[in-house]
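Chemist: Protein chains in written order, with our numbering: chain X, 15 to 547; chain V, 31 to 246.
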Amino acid sequence: MYIIKNALRCISRSKGRNILIGIISLVIAVSACIGLSIRQAAESAKQSILEGMSVTATITYDRQSAMSNIGGGKGNGGFDRNQLEAIMGGASSLTLEEYQLYATADSVSDFYYTMTAYFNGSDGFEPVNISEALDDNGGTLNGGLVGGYSDETARIKGGLANMMSAGDFKIIGYSSESAMVDFISGVSLITDGVVFAEQTDENVCIISEELAIFNNLSVGDSITITNPNIDTEAYELTVCGIYSSTETNNIPSSMFGAGEDPANRIYMSAAALQKIIDASVTAANEDTETESADAITATLSATYVFADTDAYYAFEEEARALGLGDTYTITSADITSFENGMTPLNTLSTMAGWFLIVILIIGAVILVVLNIFNVRERKYEVGVLTAMGMKKWKVAGQFMCEVLVVTMIAIVIGAGIGAVSSVPVTNALLENQVSSQQSESNRIENNFGRGGMMNGSIPSGENESGLGIKENNKFGNMVSGAANYITEVNSAMNLTVVLQMIGIGLLLTLIASVASVLFIMRYDPLKILANRD
Amino acid sequence: MAILSLQNISFSYDKTPVLKDISYDFEKGKLYCIVGKSGAGKTTLLSLLSGLTTPSSGTILYDDKDVAKIDKYTFRSKYIGVVFQSYNLITKYTALENVILAMDVAGYKTDNKKQKALELLKSVGLDEDETDRRILKLSGGQQQRVAIARALSYDPDIILADEPTGNLDRETQSEIMAIFRSLAKQGKCVILVSHSPDVAAMCDECYKLTKLTKKS
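(1) What number of angstroms, rounded off, separates the C-alpha of residue 381 (chain X) from the C-alpha of residue 526 (chain X)?
(2) Below 8 Å, how does it come out for the region 115 to 133 of chain X and the region 310 to 325 of chain X: are there three or more Cβ pairs, yes or no?
(3) How long is the line joining the alpha carbons of residue 461 (chain X) and residue 444 (chain X), rounded to whole angstroms?
(4) Hey, would you say residue 171 (chain V) sits closer than 7 Å to residue 148 (chain V), going by beta carbons?
(5) Flag this pair as touching only if the region 214 to 226 of chain X and the region 244 to 257 of chain X have three or more C-beta atom pairs under 8 Å; answer yes or no.
(6) Would residue 239 (chain X) be called buried (16 or more neighbouring beta carbons within 10 Å of its own) or exposed?
(7) Which residues share a DSSP beta bridge with residue 237 (chain X)?
(8) Select from the region 384 to 411 of chain X all residues with a C-beta closer than 7 Å to any C-beta belonging to chain V, and list them in chain order.
(9) Tell me which residues share the same chain as residue 49 (chain V) and place their Cβ nearer than 7 Å to its Cβ, disregarding the 5 neighbours each side in the sequence.
(10) What residues in the region 25 to 48 of chain X have a beta carbon less than 8 Å from any beta carbon of chain V?
(11) Since residue 34 (chain V) and residue 79 (chain V) should fall inside the 8 Å C-beta cutoff, what is the C-beta to C-beta distance between them, to a whole number of angstroms?
(12) Could you tell me how far apart the beta carbons of residue 192 (chain V) and residue 114 (chain V) are, in whole angstroms, since I believe they sit closer than 8 Å?
(13) Residue 95 (chain V) bridges to which residues according to DSSP?
(14) Within the same chain, show all residues whose beta-carbon is closer than 7 Å to that of residue 294 (chain X), passing over the 5 residues directly before and after it, in chain order.
(15) Taking all protein chains shown into account, decide if residue 134 (chain X) is buried (16 or more other Cβ within 10 angstroms of its Cβ) or exposed.
(16) Using alpha carbons as the reference points, say which of V:181, V:128, V:124 lies closest to residue 167 (chain V).
(17) What would DSSP say about residue 237 (chain V), mapped onto helix, strand or coil?
(18) Does any residue of chain X bring its CB to less than 7 Å from the CB of residue 122 (chain V)?
(19) Count the other C-beta atoms from every protein chain shown that fall within 10 angstroms of the C-beta of residue 183 (chain V), then say buried if there are 16 or more, exposed otherwise.
(20) Just to confirm before moving on: does the CB-CB distance between residue 273 (chain X) and residue 196 (chain X) stay below 7 Å?
(21) Taking contact to mean 3 or more Cβ pairs, one atom from each stretch, closer than 8 Å, check whether the region 331 to 347 of chain X and the region 32 to 42 of chain X are in contact.
(22) According to DSSP, is residue 128 (chain X) part of a helix, a strand, or is it coil?
(23) Between residue 361 (chain X) and residue 447 (chain X), is the Cβ-Cβ spacing less than 7 Å?
(24) On the DSSP letters alone, give me the boundaries of the beta strand (DSSP E) that residue 554 (chain X) sits inside.
(25) Strictly under 7 Å for the Cβ-Cβ distance: is residue 362 (chain X) near chain V by that measure?
(26) Give the interface partners of residue 16 (chain X) over in chain V, defined as CB-CB distance under 7 Å, in chain order.
(27) Using beta carbons (cut-off 7 Å, strictly below), is residue 540 (chain X) in contact with chain V?
(28) Any Cβ of chain X within less than 7 Å of the Cβ of residue 109 (chain V)?
(29) Hey, quick one: how far does the alpha helix (DSSP H) through residue 187 (chain V) stretch, first residue to last?
(30) So residue 40 (chain V) contacts chain X; which residues on that side make the cut at Cβ distance below 7 Å?
(31) For residue 233 (chain V), does the count of other Cβ atoms within 10 angstroms reach 16, so buried, or fall short, so exposed?
(32) Counting only Cβ pairs nearer than 7 Å, list the residues of chain X close to residue 83 (chain V).
(33) Closest to residue 397 (chain X) by C-alpha separation, out of X:184, X:52, X:544, X:244, would be which residue?
(34) 7 Å is my cut-off, CB to CB: does residue 480 (chain X) come that close to chain V?
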């Protein structure tokens with residue numbers, strides 16, 4: 015007990031030296047506090063986003079992997095046509111049964127899919143914004159693209175249009191209500207009628223307000239859609255609902271076809287759409303004048319929903335165990351978006367980590383040197399105390415106690431200053447980091463042209479998400495993916511940081527004291543006092 | 031019976047013999063003086079007696095117990111009180127704090143350490159207003175008195191003093207010697223190390239050390 019009393023007395027009697035040690039400890043404490051706060055802010059942001067995020071993932075075909083597996087290419091005599099067709103074409107598609115098989119994995123909490131097929135209209139049912147330049151070729155858009163381009167450019171772009179769209183209407187079949195994300199998020203709202211029943215196989219659909227107005231349709235009316243390849247193959251649908259959508263058409267319909275215009279989307283049950291496709295395939299096979307390739311085909315897009323990121327990461331192993339080949343990869347736009355959004359804060363967190371290490375090393379070295387000077391300066395005092403019979407470890411304990419008290423006072427003050435300054439400092443640094451990240455993205459876009467024409471298609475804006483973390487949606491890049499950067503944190507200090515600060519204080523005390531303890535243990539009181547005499 | 035006994039003590043420093051075959055007995059209630067010229071080994075003998083160093087050969091007995099077998103820190107802090115030539119007080123502490131510190135180090139139990147320290151300082155002739163002064167604000171004589179009070183604070187059986195009057199004026203010398211005589215009368219074993227014939231003359235017994243030459 016008297017050791018502590020002596021330590022406090024010595025601190026008060028040697029103000030100059032202890033203030034110096036205190037200032038150095040304070041600088042270390044403030045720097046450490048800000049560094050730790052930045053790291054904590056990054057961790058909190060990550061946790062808060064992950065907590066509120068339901069992860070969705072899709073299975074995609076990995077062409078590069080497929081090519082590697084086949085082993086063709088330049089060095090191996092190249093790929094033959096069949097191999098390339100297999101890689102680029104049908105081999106990439108999984109069947110609905112396969113998608114459903116992988117959905118049985120324990121990690122999957124929900125599964126839904128959408129089917130997308132293109133149809134043409136009929137005499138009484140035409141798409142919105144259809145180009146006047148349409149030719150007579152069943153509503154495809156080659157003609158619309160030719161104007162203003164050279165022959166070669168028109169040929170290329172015409173080909174693109176053929177590839178991108180094959181009909182006036184894009185009919186999307188949903189397997190469940192969970193799949194209708196636009197209606198769940200509020201982008202689309204039913205204004206009249208109702209949504210078709212889940213999993214119904216009746217030919218009922220919902221259409222957009224624009225389409226309804228354009229064709230003078232109301233709930234209960236029938237519409238006729240046709241196979242784009244066979245004009246005579248028609249299907250009748252009943253409009254059960256009309257929806258409005260805040261989604262705007264960002265894609266030039268003259269380039270990609272009327273079917274890509276959101277107004278020309280028709281939603282129905284996946285089961286009903288599947289029935290139409292089955293009927294089309296059957297008709298194509300039975301009719302000798304048509305080829306089976308003329309039947310309507312649908313693109314399948316399956317989505318797996320996971321409760322959290324751990325489940326998402328566990329899914330890959332489970333899916334592989336269920337037979338998913340190496341040529342397929344599991345990707346999550348949510349995870350990618352989350353990782354992109356975290357990039358500036360993560361970079362800052364990494365930098366803060368290194369800064370913290372450097373500060374601690376420099377601080378520890380300074381404190382060790384100061385303590386060695388301190389002990390050497392107080393050598394006589396050590397000699398007297400040990401000559402009086404005070405054990406060396408007690409003397410060392412007193413010296414450690416002095417350093418600990420000064421360091422802890424500095425840590426407390428430093429934590430206070432850090433708590434006040436960490437948020438603005440973090441935000442200022444984060445702003446620079448985000449700005450740098452955005453500049454880099456802009457340069458990539460400008461230089462490589464990706465997203466150039468689509469940039470800004472998603473409105474910029476800020477939104478608050480969990481724990482006062484602001485995300486800034488600065489990019490509307492459909493190709494590279496929108497990056498919602500975290501640009502601001504509202505709180506950085508918490509109990510973890512305080513405990514870490516105390517840990518740092520103890521660590522610094524220990525490091526700073528080790529050298530002085532070694533000196534004290536080495537001292538011989540007789541020699542000290544004899545030299546003094 | 032001797033409270034402290036040196037039995038055939040020899041001590042060499044870097045292979046140079048300083049003390050050879052010394053055998054002295056010190057009893058309670060007596061004032062002893064160890065005299066000798068400079069270099070005769072007086073301070074070395076004091077270091078041996080105070081447990082700051084150990085003899086090259088021979089045995090030191092404290093109350094019939096081998097000092098080598100007693101923890102040196104316990105021996106120094108509890109059984110023996112040393113008044114060093116240069117006092118060796120903690121300069122950043124006050125006189126009172128120095129005395130209380132010695133009691134703390136010794137683990138001395140008393141109801142009121144401060145009260146006891148004040149009484150001791152008063153008994154060695156320090157004024158009350160001087161007890162709260164830092165050591166460097168006190169004169170040599172006052173520091174000497176504080177050092178004596180510190181040595182007495184935990185009530186040891188033996189008091190050792192190295193040149194206790196060396197730096198003092200004649201009047202103060204007399205006062206300090208009177209304190210030592212008084213302590214001997216109270217039953218303490220007081221051992222002074224001095225080269226002064228005057229000090230030796232005031233002691234009950236004297237041991238004379240002679241400088242060892244190569245022949246011896």
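Every residue gets a Cβ at the ideal spot worked out from N, C-alpha and C, and that includes glycine. The structure presented is a predicted model; accordingly, all values stated were derived computationally and were not measured.
Modeler: Taking the geometry as given:
(1) Locating residue 381 (chain X) in the first sequence gives position 367, where the first residue counts as 1. Locating residue 526 (chain X) in the first sequence gives position 512, where the first residue counts as 1. Looking at the two C-alpha atoms, the distance is approximately 5 Å.
(2) Result yes; three or more Cβ-Cβ pairs closer than 8 Å.
(3) Residue numbering aside, residue 461 (chain X) sits at position 447 when the first sequence is read from its first letter. Residue numbering aside, residue 444 (chain X) sits at position 430 when the first sequence is read from its first letter. In a straight line, the C-alpha of residue 461 (chain X) is about 25 Å away from that of residue 444 (chain X).
(4) Position 141 of the second sequence, counted from the start, is the residue given in the question as residue 171 (chain V). Position 118 of the second sequence, counted from the start, is the residue given in the question as residue 148 (chain V). Not in contact: residue 171 (chain V) and residue 148 (chain V) (Cβ atoms no closer than 7 Å).
(5) The answer is yes - the region 244 to 257 of chain X touches the region 214 to 226 of chain X, with three or more Cβ pairs under 8 Å.
(6) Locating residue 239 (chain X) in the first sequence gives position 225, where the first residue counts as 1. That one is buried.
(7) The sequence position of residue 237 (chain X) within the first sequence is 223, counting from 1. For residue 237 (chain X), which the question treats as bridged, DSSP gives the partners X:251.
(8) Listed by position along the chain: 395, 398, 401, 402, 403, 404, 405.
(9) Counted from its first residue, the second sequence places residue 49 (chain V) at position 19. Apart from the 5 residues on each side of it in sequence, residue 49 (chain V) sits with its Cβ closer than 7 Å to the Cβ of 39, 40, 41, 71, 74, 75 in its chain, given in chain order.
(10) Result list: 27, 28.
(11) In the second sequence, residue 34 (chain V) corresponds to position 4, counting from 1. In the second sequence, residue 79 (chain V) corresponds to position 49, counting from 1. Taking C-beta atoms under 8 Å as the contact rule, residue 34 (chain V) and residue 79 (chain V) qualify, at a distance of about 7 Å.
(12) Translated into the one-based positions of the second sequence, residue 192 (chain V) becomes position 162. Translated into the one-based positions of the second sequence, residue 114 (chain V) becomes position 84. Between the beta-carbon of residue 192 (chain V) and that of residue 114 (chain V) there is about 6 Å, and that keeps the pair under the 8 Å contact cut.
(13) As a working mapping, residue 95 (chain V) is identified with position 65 in the second sequence. DSSP output for residue 95 (chain V) lists V:92 as bridge partner(s).
(14) Along the first sequence, one-based indexing puts residue 294 (chain X) at 280. Within the same chain, residue 294 (chain X) has close Cβ partners 241, 247, 309, 310.
(15) Position 120 of the first sequence, counting from 1, holds the residue named residue 134 (chain X). When all chains shown are included, residue 134 (chain X) counts as buried.
(16) Looking up residue 167 (chain V) in the second sequence gives position 137. Ranking V:181, V:128, V:124 by Cα distance to residue 167 (chain V) puts V:124 first.
(17) Residue mapping note: residue 237 (chain V) aligns to position 207 of the second sequence, counting from 1. Per DSSP, reduced to three states, the secondary structure at residue 237 (chain V) is strand.
(18) Counting from one through the second sequence, the residue named residue 122 (chain V) turns up at place 92. Residue contact check for residue 122 (chain V) against chain X: a CB pair falls below 7 Å.
(19) Locating residue 183 (chain V) in the second sequence gives position 153, where the first residue counts as 1. Classified as buried, residue 183 (chain V) has 16 or more neighbouring CB atoms from the shown chains inside 10 Å of its CB.
(20) For the purposes of this step, residue 273 (chain X) is identified with residue 259 of the first sequence, where counting begins at 1. For the purposes of this step, residue 196 (chain X) is identified with residue 182 of the first sequence, where counting begins at 1. Judged by their CB atoms, residue 273 (chain X) and residue 196 (chain X) are not nearer to each other than the 7 Å cut-off.
(21) Verdict: no, contact absent.
(22) Taking the first sequence and counting its residues from 1, the one referred to as residue 128 (chain X) is at position 114. When secondary structure is reduced to three states using DSSP, residue 128 (chain X) falls in the strand class.
(23) Numbered from its first residue, the first sequence carries residue 361 (chain X) at position 347. Numbered from its first residue, the first sequence carries residue 447 (chain X) at position 433. Taking the C-beta atoms as reference points, residue 447 (chain X) is found nearer than 7 Å to residue 361 (chain X).
(24) Examination of residue 554 (chain X) is not possible in this model, given that chain X is present from 15 through 547 alone.
(25) For this step, residue 362 (chain X) is matched to residue 348 along the first sequence. False, the Cβ-Cβ gap to chain V never drops below 7 Å.
(26) Locating residue 16 (chain X) in the first sequence gives position 2, counting from the first residue. Neighbours of residue 16 (chain X) on chain V, chain order: 134.
(27) The residue given as residue 540 (chain X) occupies position 526 in the first sequence. Closer than 7 Å: yes.
(28) Here residue 109 (chain V) refers to the residue found at position 79 of the second sequence. Chain X contact via Cβ: absent.
(29) Against the second sequence, residue 187 (chain V) aligns to sequence position 157. Unbroken run through residue 187 (chain V): none, as it is neither H nor E.
(30) Translated into positions along the second sequence, residue 40 (chain V) becomes position 10. Under the 7 Å cutoff, chain X gives no residues; its nearest Cβ is about 18 Å from residue 40 (chain V).
(31) Position 203 of the second sequence, counted from the first residue, corresponds to residue 233 (chain V). By the 10 Å Cβ count, residue 233 (chain V) comes out buried.
(32) For the purposes of this step, residue 83 (chain V) is taken as residue 53 along the second sequence, with counting starting at 1. Within chain X, 540 have C-beta atoms less than 7 Å from the C-beta of residue 83 (chain V), given in sequence order.
(33) Walking along the first sequence from the start, residue 397 (chain X) turns up at place 383. Distance from the Cα of residue 397 (chain X) is smallest, within the candidate group X:184, X:52, X:544, X:244, for X:544.
(34) Your numbering for residue 480 (chain X) matches position 466 in the first sequence. Unreliable positioning characterises residue 480 (chain X) in this predicted model, as indicated by a pLDDT of 37, which lies under 50. The coordinate reading is nonetheless provided below. Not one beta carbon of chain V lies nearer than 7 Å to the beta carbon of residue 480 (chain X).
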